[in-house]
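Engineer: Got a structure for you, questions after.
Protein chains in written order, with the working numbering: chain A, 301 to 593; chain B, 13 to 1235.
If you want it as structure tokens, here you go:
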């Protein structure tokens, strides 16, 4: 099955243009969606998840027209929104059972088995009788993915699932995602570049409502190989340097600014060739200057 | 710091729309209340000015209480806002101090509240200046009229209530807690008002009412018209202490809050909710598994295979699942539990305090419990439904679950239906609980006849459709509004609509969608003639609910895009589905069909006349026919009645033959016949409906007569005799009519002919004179119709009026016999003695004949009765009652026996051989005396709960004795149709019944009863709309001839002695009983009283009967010293002042030279709060301040002047005081 998005546009009533003729094809397997805040990732995912309608464009899931047959799409869908809440005064088990039932798992025994398995898999079995309101961010996120996974979804959409998780929880969560069958389309949106590199077979970078780069992460990194150069310099030199070079990023290493620049040839003046990463491709594509760490 | 927070709070509120909105609402409510004639009249105002201090204060106070909803919104929000928007952690980590933060927020909110409440005086002021307001109803503007209640009551109320809400909000940080507190507060206020309504608890009630309304009312309750117009509200007495108490409590609460609140992320665990949260957090922390080593990647997720089904069966399953899920979430909600508990408690307390009169309660019969549930629960249904419909529609969005749930493969209709059914289920639980609470009340009151079927019928069949309708409306409103507070606002407007729609002219039930239906349930008759309306409305409400649910479905929010455009598009898409359209068509058809049926019954089968229509009709009747009032008429001397009742079908055929004699001095050629009392059924405002189904078949004179005029719609017929009727000549009139009830009307149905407990009176038979009972009586309505003010009673000086008795203008004494047929299982009763009983065509027929002339007043009753028979000195006593209503029958029989004994011994012989008491259903609550027959309402005496151990006033005994006394005062003595007539009937019947009650229960019991009468008199004169008259001139003024009358005769008996008074009554009866015209009056009666009153006490007659006299007596000191012989010497000092009142209540002090009781009392006794009487004597009081000395054998505890409240005193409670006993 394949998800084919064509010429999707959406302008909100406040004038924000979230999608600007976006086209994208998503095959089975894990698909990473990378982009800065406000790039249109969430709008795209909500639209695919039948929660809102675009101004124009089409979305097809296999033979289904997503916009015209939302009810059919919902039978195949698992969706974990970026921000979500749960019924705080109910137990994890009740919540999960409720959602499983709503997803069409009508046979009580099957549902019970499914809920138990999901709770086991998400490591929530021990706390299944606890009120969801008392859950930590990671526990809540895992319950969210359990909900999304219930009912054998063919299309799984997870929107920035690792934001706000500690490293342990993040790892646990990514491993869960990694276990999902390869026959399923999984769209993972994030702005953490490493998530994509570790998990995804395919990826796309979105900026200002458009796809600026699509491919597989390895290929993207390969395309950058030999074109990233790095150099450390005193702070005082930095402003003049930034003005005259195609700078990918500037970061501090032990308090000294280290600059990555994009150049097909050796830019000289003390630059050494640097190991290209997905992050370099990302910064290069979206043209953002960032000072981090 | 404080100022920063305060500035911030005010700036925030200034930028919001809601404070302006609340201001506008209060302004227009105050304005509306001031300009509205209806509301002003409700306030008992006629002679009091629209902008009189008391009127303005009353309006402002009531609106302040109602407006407390706003406090929740403003004050609650002020303290919770930071937590709700999650800014509190930012804020609390700044340098803000606790005092600065809380103080600033509180002061800001209170200032805003005061500014909002300034709308009340401003609105009331604007109302008084409205150009269309009648200027004769206004007095000159006075600032104090508005400023005093604002600063003495409104502003303190705002402070008090704000402090309490603020405290709860600050300590719990829970909006739920604030809501709950708000509801508990108002419910508690209402409960306290009810519970402490008894006379001796008013001071307590005035103190515990945080709004000061009770205190204000206690302060002003006896103010007369003239005082109401000029006196400003004083800050004294109960109001002052109330304000001090509650401001003190508010200050204490605030201090405590400041001390307890911590500026921390989590609130202190002071509440159940907080405690639970804390407990849950603690336990989940301890048992939460340690994060295991991160899972190993690469192992495929192993999940069991499941069957996904989306067929019809799966939909049903999902619906059931959703319903259960939402049901559980609702009933677990603390707010739901809180409101449900408060509601149930409120309902059961209302049930507990179903007072009859004067502190005597009713047995908690199931019909009454049910009526209380239905009437009281409506408010809670609306509150719960409004809140919960909002919660349910918005729940997923508020919890941020919507993103997950909206993308699920569940049809929108299933989700919505699940929530709706879950809500109905939760309400079902509330219904079950309120029934259980009602049964608990029944058990606690010792009543064990549980009618579960009746509860089920009422809760499911009457309250059920209301819940369904209101819930569907709330779902539709919240779904369409797409903004929670707008939804709430619309629902509040709906609730206001239920209160005012009727008075603004929308009186048809078809407009009252979802309102609790109005009905009367009778044990005798069940729902009977109301069941048509109840069923019709149930179907109408249900059909309407489906249409509303369809609207809710179309607009149900789903998806992330909440713009109006996309929601309209979604609705259009849902509407495209053929199933939806089919549902739309079917439900719309159902509404048309059910609504049409209601309309057909209430507007076509039974023509509806609104208040204004009836007003116009009555005015037109008076204009058209009053000219015939002066037409000389002959007099009826004999009446024969035939009534064929078919209670099973509520139809009847009536006929009568009158024997009529020309008692005039000249021949009569024009004869008037009237049955106007049927279309203008007396006392029923929209009485025109009564004419429906009543048809006059014949009116035939025994001599040749031509019909000059016939207006059958208004029951007026005019004939000219071919040959004039000579003086002394006789003529007969044969009359025939039939009635059948069809369908059900908009208002009360005909409750006279009913399946069980039919009660007809002479109104169904013709009169020979113009019937002035159909005239408009209300001065304002008459003015609106350009009619002159109406005389309430002809003047005592109008000698011509003495030609007619108060009871009829076309008869004096008549012979009477009646034949009544009824259902085979019923007994029919009419005045007279049973001559024969037989069966005819399967109907049971009774023939009654009276053996001596009676007044032209008669009744026809029929029902399935049990009869209890007794006798006393040759008089048969029969009580006809509904099976199961035997509890008070013994008291009635005892009242009759004691009455017969006392009245025959002291007044004159009883003119009949029998007295029958016949129960009728509780559609009206009164008892009425007919010749040898008393019709007694089910609700008045048959279910009274008199506990001798608690010294309850024996109401059944008293009422029976009163009605029996009318066989003398009314049926022997018949006063002329003049002022004061009711003294000779009602006041004397009260006196007679008091003597019977005192004979059985003693003086203390009667004095307690009289305290209530004193209160009723003082309150009655305070709300007099025209002019208070002295007792001997009373004009249909119940507070005068009942309440003041009983006080006056009791006092007179005390002054001149029971024997002298009864001797006067005996002589009066000897001279005036069964007299022919001119009829007697109070002027004549007073000569009999004068004859037995010593010269020294003649002033008492003048005070009691001829003037309005009041006292202000007060004990100022009481000391006692113990003597060597064990006796006590008591010294009592007191003030005594005497006043004369005019018709508007302006009082002038007059010199005093009166004999007044001064008494000393010992230890309190059961049922006698004063205590054992140790000494009492009449002191000749000639100065304002005097004293008296006693020697008593026991230790005194209380002493004072006029301790038994025999005299009329506006502050009766200060007449006695505690005695200081010196060692």
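The C-beta atom is built at its ideal place from N, Cα and C for all residues, glycine as well.
1) Looking at the C-beta of residue 352/B, does it have a partner C-beta in chain A at a distance below 8 Å?
2) Mind checking who residue 884/B pairs with in its DSSP beta bridge?
3) So residue 583/B contacts chain A; which residues on that side make the cut at Cβ distance below 7 Å?
4) Please list the partners that residue 333/B has in chain A, where partner means a Cβ-to-Cβ separation under 8 Å.
5) At 4 residues or longer, what runs of the alpha helix (DSSP H) sit wholly inside the segment 121 to 148 of chain B?
6) Would you say residue 1168/B and residue 1219/B are within 8 Å of each other, going by their C-beta atoms?
7) Is it buried or exposed for residue 310/A, if we count other Cβ within 10 angstroms and need 16 for buried?
8) Let me make sure I understand the geometry here. Which of 445/A, 456/A, 332/A, 550/A has the alpha-carbon closest to that of residue 537/A?
9) When you compare the CB positions of residue 986/B and residue 867/B, do they come within less than 8 Å of one another, or not?
10) Could you confirm whether any beta carbon from chain B is found closer than 8 Å to the beta carbon of residue 562/A?
11) Taking Cβ-Cβ distances shorter than 8 Å, what residues in chain B pair up with residue 389/A?
12) Using the Cα positions of residue 141/B and residue 69/B, report the straight-line distance between them to the nearest angstrom.
13) Measuring straight from C-alpha to C-alpha, what distance separates residue 773/B and residue 872/B?
14) State yes or no: is the beta carbon of residue 337/B nearer than 8 Å to at least one beta carbon in chain D?
15) Report the residue ranges of all beta strand (DSSP E) runs contained in full by the segment 891 to 957 of chain B; include only those spanning at least 3 residues, in chain order.
16) Should residue 635/B go down as buried or exposed, given a rule of 16 or more other Cβ atoms within 10 Å for buried?
17) Taking 8 Å as the threshold (beta carbon to beta carbon), is residue 412/B in contact with chain A?
18) Going by DSSP, what residues sit across from residue 103/B in a beta bridge?
19) Suppose you measure from the CA of residue 490/B to the CA of residue 392/B; what does that come to, to the nearest Å?
20) Taking the alpha carbon of residue 713/B as the point to measure from, which residue in 707/B, 726/B, 672/B, 679/B has its own alpha carbon closest?
21) Please report how far the alpha carbon of residue 35/B lies from the alpha carbon of residue 568/B, in whole angstroms.
22) Do we get a CB-CB distance below 8 Å when we pair residue 384/A with the residues of chain B?
23) On the three-pair Cβ rule with 8 Å, is the segment 222 to 237 of chain B touching the segment 246 to 262 of chain B?
24) What does a CB cutoff of less than 6 Å around residue 87/B pick up in its chain, not counting 5 residues either side in sequence?
25) Of the choices 519/B, 550/B, 532/B, 541/B, whose alpha-carbon is the least far from that of residue 482/B?
26) Under the rule that 16 or more other beta-carbon atoms within 10 Å means buried, what is residue 898/B, buried or exposed?
27) Any Cβ of chain B within less than 8 Å of the Cβ of residue 579/A?
28) Nearest-angstrom Cα distance between residue 393/A and residue 97/B?
29) When you compare each of 151/B, 1089/B, 1018/B to residue 814/B by their alpha carbons, which one comes out closest?
30) At a Cβ cut of 9 Å, what residues of the segment 430 to 454 of chain A count as close to chain B, listed as they run along the chain?
31) Interface residues of chain A around residue 326/B at Cβ under 8 Å?
32) At which residue ranges does the segment 432 to 510 of chain A contain complete alpha helix (DSSP H) runs of 4 or more residues, listed in the order of the chain?
33) Note down, in chain order, every chain A residue with its Cβ under 7 Å from the Cβ of residue 571/B.
34) Using only the alpha-carbon positions, how far apart do residue 10/B and residue 856/B sit?
35) Three or more beta-carbon pairs under 8 Å between the segment 1100 to 1110 of chain B and the segment 1127 to 1136 of chain B, yes or no?
36) With a threshold of 8 Å between beta carbons, is residue 517/A in contact with chain B?
Structural biologist: Answer, in terms of the structure:
1) Position 340 of the second chain holds residue 352/B. For residue 352/B, the closest Cβ of chain A is not nearer than 8 Å.
2) Walking along the second chain from the start, residue 884/B turns up at place 872. The partner list for residue 884/B (beta bridge, DSSP) reads 887/B.
3) By one-based count along the second chain, residue 583/B stands at place 571. Near residue 583/B there are no residues of chain A at all, since even the closest Cβ is about 13 Å away, more than 7 Å.
4) Here residue 333/B refers to the residue found at position 321 when the second chain is read from its first residue. Here the neighbours are 398, 401, 402.
5) 131 to 141
6) Residue numbering aside, residue 1168/B sits at position 1156 when the second chain is read from its first letter. Residue numbering aside, residue 1219/B sits at position 1207 when the second chain is read from its first letter. Going by C-beta atoms, residue 1168/B is nearer than 8 Å to residue 1219/B.
7) Counted from its first residue, the first chain places residue 310/A at position 10. By the neighbour-count rule (16 or more Cβ atoms within 10 Å), residue 310/A is buried.
8) Along the first chain, read from residue 1 onward, the residue named residue 537/A stands at position 237. Answer by Cα proximity: 550/A.
9) Reading the second chain from its first residue, position 974 is the one you call residue 986/B. Reading the second chain from its first residue, position 855 is the one you call residue 867/B. Yes, the pair counts as a contact, with Cβ atoms nearer than the cut-off.
10) By 1-based counting over the first chain, the position of residue 562/A is 262. Output row for residue 562/A: interface = no.
11) For the purposes of this step, residue 389/A is taken as residue 89 along the first chain, with counting starting at 1. Under the 8 Å cutoff, chain B gives 341, 344, 345.
12) Numbered from its first residue, the second chain carries residue 141/B at position 129. Numbered from its first residue, the second chain carries residue 69/B at position 57. Spanning the two alpha carbons is a distance of roughly 17 Å.
13) The residue given as residue 773/B occupies position 761 in the second chain. The residue given as residue 872/B occupies position 860 in the second chain. Distance between the alpha carbons of residue 773/B and residue 872/B: 6 Å.
14) Judged by its chain identifiers, the structure shown contains no chain D, and its protein chains are A and B.
15) Scanning the segment 891 to 957 of chain B for uninterrupted beta strand (DSSP E) segments of 3 residues or longer gives 926 to 932, 939 to 942, 945 to 949, listed from N- to C-terminal end.
16) Locating residue 635/B in the second chain gives position 623, counting from the first residue. Answer is exposed; the Cβ neighbour count stays below 16.
17) The residue you call residue 412/B lines up with position 400 of the second chain. So, interface residue.
18) One-based indexing of the second chain puts residue 103/B at position 91. Looking at the DSSP assignment, residue 103/B forms no beta bridge with any residue, so it has no partner.
19) Working through the second chain from its first residue, we reach residue 490/B at position 478. Working through the second chain from its first residue, we reach residue 392/B at position 380. Answer to the nearest angstrom: the Cα atoms are 18 Å apart.
20) Start at 1 with the first residue of the second chain, and residue 713/B comes out as number 701. Of the listed residues, the one whose Cα sits closest to residue 713/B is 672/B.
21) Start at 1 with the first residue of the second chain, and residue 35/B comes out as number 23. Start at 1 with the first residue of the second chain, and residue 568/B comes out as number 556. The alpha-carbon separation between residue 35/B and residue 568/B amounts to approximately 32 Å.
22) Translated into the one-based positions of the first chain, residue 384/A becomes position 84. Yes - at least one Cβ of chain B is within 8 Å of the one on residue 384/A.
23) yes
24) Numbered from its first residue, the second chain carries residue 87/B at position 75. If we look at residue 87/B and ignore the five residues flanking it on each side, its Cβ neighbours are 121, 174, 177, 178.
25) The residue given as residue 482/B occupies position 470 in the second chain. When only C-alpha atoms are compared, the closest one is 550/B.
26) In the second chain, residue 898/B corresponds to position 886, counting from 1. Exposed is the call here.
27) By one-based count along the first chain, residue 579/A stands at place 279. Answer no: the Cβ-Cβ gap between residue 579/A and chain B never drops below 8 Å.
28) Along the first chain, read from residue 1 onward, the residue named residue 393/A stands at position 93. Along the second chain, read from residue 1 onward, the residue named residue 97/B stands at position 85. Spanning the two alpha carbons is a distance of roughly 30 Å.
29) Position 802 of the second chain holds residue 814/B. Ranking 151/B, 1089/B, 1018/B by Cα distance to residue 814/B puts 1089/B first.
30) 430, 431, 433, 434, 435, 436, 438, 439, 444, 447, 448, 449, 450, 451, 452
31) For the purposes of this step, residue 326/B is identified with residue 314 of the second chain, where counting begins at 1. The contacting residues are 404, 406.
32) 437 to 449, 467 to 478, 493 to 499
33) Position 559 of the second chain, counted from the first residue, corresponds to residue 571/B. What residue 571/B touches in chain A: 351, 352.
34) In the structure displayed, chain B extends from 13 to 1235; residue 10/B sits before or after that span and is not available.
35) no
36) Translated into the one-based positions of the first chain, residue 517/A becomes position 217. Not one chain B Cβ lies under 8 Å of residue 517/A.
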